[in-house]
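Read the structure below first, then the notes.
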Amino acid sequence: MKNFYITTPIYYVNDAPHIGHSYTTVLADILTRFHKLIGYQTFFLTGTDEHGQKVQQAAAKRQVDPQIHVDEYNQRFKKLWEKMNIEYNYFIRTTDADHKEFVAECLQKLWDKGEIYSKEYEGWYSVGEERFFSEEELVDGKDPISGRPVEWLKEKNYFFKMGMYQQKLITHLEENPDWILPDYRRNEILGFLKQPLNDLCISRPKSRLSWGIPLPFDDEYVTYVWFDALINYVSGVRNRAYENGEPIWPASYHLIGKDILTTHCVYWPTMLMALEIPLPKHVLAHGWWLTGGSKMSKSSGTGVNPMDYMEQFGVDAFRYFLAREMVVGQDCTFSDDAFKRRINSDLANDLGNVLNRVHRLVLTNFEGKLPKATQIDAPAQELITLANQVREQVFSGITQVKLSQVIEDIMSLVRGINRYLEIKAPWKLAKDPSAKDELASVLFTAAEAVRLSLCFLWPVMPTKTMEGLAMLGTTCEGEKDLHWGKFQGGESFGEGAPLFPRIEVEKAPPPPAKTKEQNKPVLATDVPSLLDLRCAKIISVEDHSDAESLYVLKVDAGESEVRTICSGLKKSYTPEELKDRLILLFANLKPAPLRGIMSMGMLLAGDGEEGKAVLVDPPANTPIGTRALFKGIIPSESRELKIKDFDKISLYVKDKTIFCNDNRLEFNGTPVSCDVKDEASVH
């Protein structure tokens, strides 16, 4: 049996948990559940880092003993993880007796080997980072990481001979290119290691820091907080084993934020090499949650309290948003609007809609018992093929920790079920007594596909998916349930309300009366900042009744009402190719009648081969309604534009990406693509 051991950083207890802590821990929980579902032995370690100067100062400010302080803050993390349905195997605290004992053992071993020594040291010290910086490392005379002031300190300390392992670490990185993920983070560390690697100060004198683990060879000093904290990954499992008795270490993945890359990819591996302990298999660094283009921060008033969102919208919706929205390794912008649009688009409109349709039709037409299929036609076979394909994508994506893409693959199956139902129209078949067998086959096929979708999504939303499976009269018990064919017919459906009610998104206020400034002609240089280009989804396609070359599209742009758009795409796309497709919408184009139908916008497409249009592709995980922006151009307040205004600029393609005057078009930092040749126009 394969093993999977995953860790989060142990979180510092000088403040309350925030969205960054939540994301890392939810990611670890989801990956653990996925691996458990597909048959792995799993172990999930998280915990709290409870020593150090910041903790000592926070306790002193409150006028309480440091142990009382860390006990209180420790509970905040445990309560949040319980609320978020986090199922860790062990919660380690660096104040645990077993951990402190192992840290002392490690220190003594290095001391006995002669790999720790003492010397007088002076330099710039940052209380916030609890470390020294050289003059060259300072930025404007301040801590290069936090930007906080530093102070000059001169004192005796103990040092670990980290520098002697520099070449060994470089060799390891070169021989194991996937040890640090994503690969550009590996390149950062290799770049860092091009400079001489200094030895690591691993102590603090008790005269200024008493809250820590004493050095076993000099009780006038305590252990540097990072040296203490990193050892938790081994101390937390050294006396534990998998169910079959196999040892848990080494870790499959250390999940970390990109801001602690050096400590985990330089300090930690060199410590392990010196201690003769195997290295973890992978270190995966994720990005930051941003707001307004900057990292979220409580001190700047831009933090997000996870409890607020879970209380209002539910735990599983919050878990889903975190996992789906951020591509592991990249930064991601958090906004209330993006959250609501994602939940409405994926969960209320897609997953919730298809579950409710199938559930209701079986209750109404077959007395709540799933009928057997008597026929498998071409659309049904296409859906079965898609389900099997998605299963392979899920298994492959999870082992590569591509969680956002895995969820997108699962949602492609959900959208496939919706397409199948639109083609077969079981609500119409239900009105025709002669079509009873066909109706039974359609509902059986759709129900099996919905069952699989819910099973695939169980690690992400463990509560809601089980509620959905109960509505279908089934459950998900392991890898055997991740294959097509569990339903046999005759299963009794349960009762159930809609799993994901649609979230009301505030309507935009009516536009103010035009000012003299707005009535001025639009200059070509102004157009890129004025363009309101949004991710939208085509929900229906019909022929124009009075124009053979036009389609009439219904488009969801994340607004209170669906838009009607007339589009000349008949020579390039069939209705089936357009339905449910994400497109880029020119949303603030002045409405205009096209052969008797008012068109409320324009789809953007590139010039393809043989005169065919190639639609612009928003990134697959973009929430409907999200605005695309040109990098380096500050967006202006949106105003209505005419087609002649749009024609004043040139949008073109380079390396499959859209540009305007060398400014790349992006959704939250992700390029917008169009599969046409370089220099092709987009309009």
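Residues 626 to 1308 in my numbering are what the sequence shown lists, from first letter to last. Backbone N, C-alpha and C fix where the C-beta goes; we use that ideal spot for every residue, glycine too. Computed from a predicted model, the values in this text were never measured in an experiment.
8 Å CB neighbourhood of residue 723 in its chain, flanking five on each side removed: 860 and 864
CA nearest to the CA of residue 837, picked from 679, 976, 740 and 763: 679
Looking at the secondary structure, which residues open and close the alpha helix (DSSP H) in which residue 942 lies? 940-950
Determine the contact status of residue 1306 and residue 1232, defining contact as a CB-CB distance below 8 Å. yes
Going by beta carbon distance, what residues of the same chain come within less than 6 Å of residue 1138, once the five residues before and after it are set aside? With a pLDDT of 45 at residue 1138, under the threshold of 50, the modelled position of this residue cannot be trusted, and the question is left open.
How many angstroms separate the CA atom of residue 1191 from the CA atom of residue 1177? 5 Å
What did DSSP end up calling residue 1112 once you bin it into helix, strand or coil? coil
For residue 1021, the first and last residue of its enclosing alpha helix (DSSP H): 1003-1024
Does the distance from the CB of residue 1041 to the CB of residue 1011 come in under 8 Å? yes
Taking the beta strand (DSSP E) that residue 651 falls in, what are its first and last residues? Element bounds for residue 651: not the beta strand (DSSP E) but the alpha helix (DSSP H), 644-662.
Contiguous beta strand (DSSP E) assignments of at least 3 residues, all confined to the stretch 870-921: Runs found: 878-882, 908-911 and 914-916.
List the DSSP bridge partners of residue 1227. 1211
Rounded C-alpha distance that separates residue 1297 from residue 686: The alpha-carbon of residue 1297 is positioned some 49 Å away from that of residue 686.
I'd like to check one pair, residue 980 with residue 1093: are the Cβ atoms closer than 8 Å? yes
Could you spell out where the alpha helix (DSSP H) holding residue 731 opens and where it closes? 722-737
By the three-class DSSP mapping on this structure, what secondary structure does residue 1031 have? Residue state, collapsed to three classes: helix.
Cα separation between residue 991 and residue 1038? 25 Å
So, under 8 Å CB-CB, residue 856 and residue 731 are touching, yes? Tell me the CB distance rounded to an integer number of Å. 6 Å
Simplified DSSP assignment, three categories, for residue 1217: strand
Keeping to the same chain, check which residues put their C-beta closer than 7 Å to that of residue 1142; ignore five residues upstream and five downstream. Only weak support exists for where residue 1142 lies, its pLDDT of 45 falling under 50; the value from the coordinates is given anyway. Result list for residue 1142: empty, nothing under 7 Å.
Alpha carbon of residue 1140 to alpha carbon of residue 1160, nearest angstrom: The predicted model places residue 1140 with a pLDDT of 45, which falls under 50 and marks its position as unreliable; any figure quoted below should be read in that light. Taking the straight line joining both Cα atoms gives about 29 Å.
Backbone CA spacing between residue 1004 and residue 1049 [nearest angstrom]: 8 Å
DSSP state of residue 1080, grouped into three classes? helix
Could you name the residues that DSSP lists as bridge partners for residue 854? Partner(s): none; residue 854 has no beta bridge.
Any 3 or more C-beta pairs closer than 8 Å across the stretch 798-809 and the stretch 780-789: no
When burial is assigned at 16 or more other CB atoms within 10 Å of the CB, is residue 809 buried or exposed? exposed
Whole runs of the alpha helix (DSSP H) within the stretch 728-802, excluding any shorter than 4 residues: 791-800
Under the three-state reduction of DSSP, which class applies to residue 1162: helix, strand or coil? In this structure, residue 1162 counts as strand in the three-state DSSP scheme.
Nearest residue (CA-CA) to residue 825, options 682, 817 and 896: 896
Taking only the alpha-carbon atoms, compute the straight-line gap between residue 997 and residue 1256 and give it to the nearest angstrom. 54 Å
Closest Cα partner of residue 630 within the set 653, 848 and 1266: Of the listed residues, the one whose Cα sits closest to residue 630 is 653.
In the structure shown, what three-state DSSP assignment does residue 672 receive? strand
Residue from 1209, 1224, 1181 and 1156 whose Cα sits closest to the Cα of residue 1175: 1224
For residue 1248, three-class secondary structure by DSSP: coil
Nearest to residue 820 (by Cα), restricted to the options 946, 829, 773 and 762: 762
Give me the Cα-Cα distance between residue 823 and residue 1278, rounded to the nearest whole angstrom. Each residue's CA atom was taken as its position, placing residue 823 and residue 1278 some 47 Å apart.
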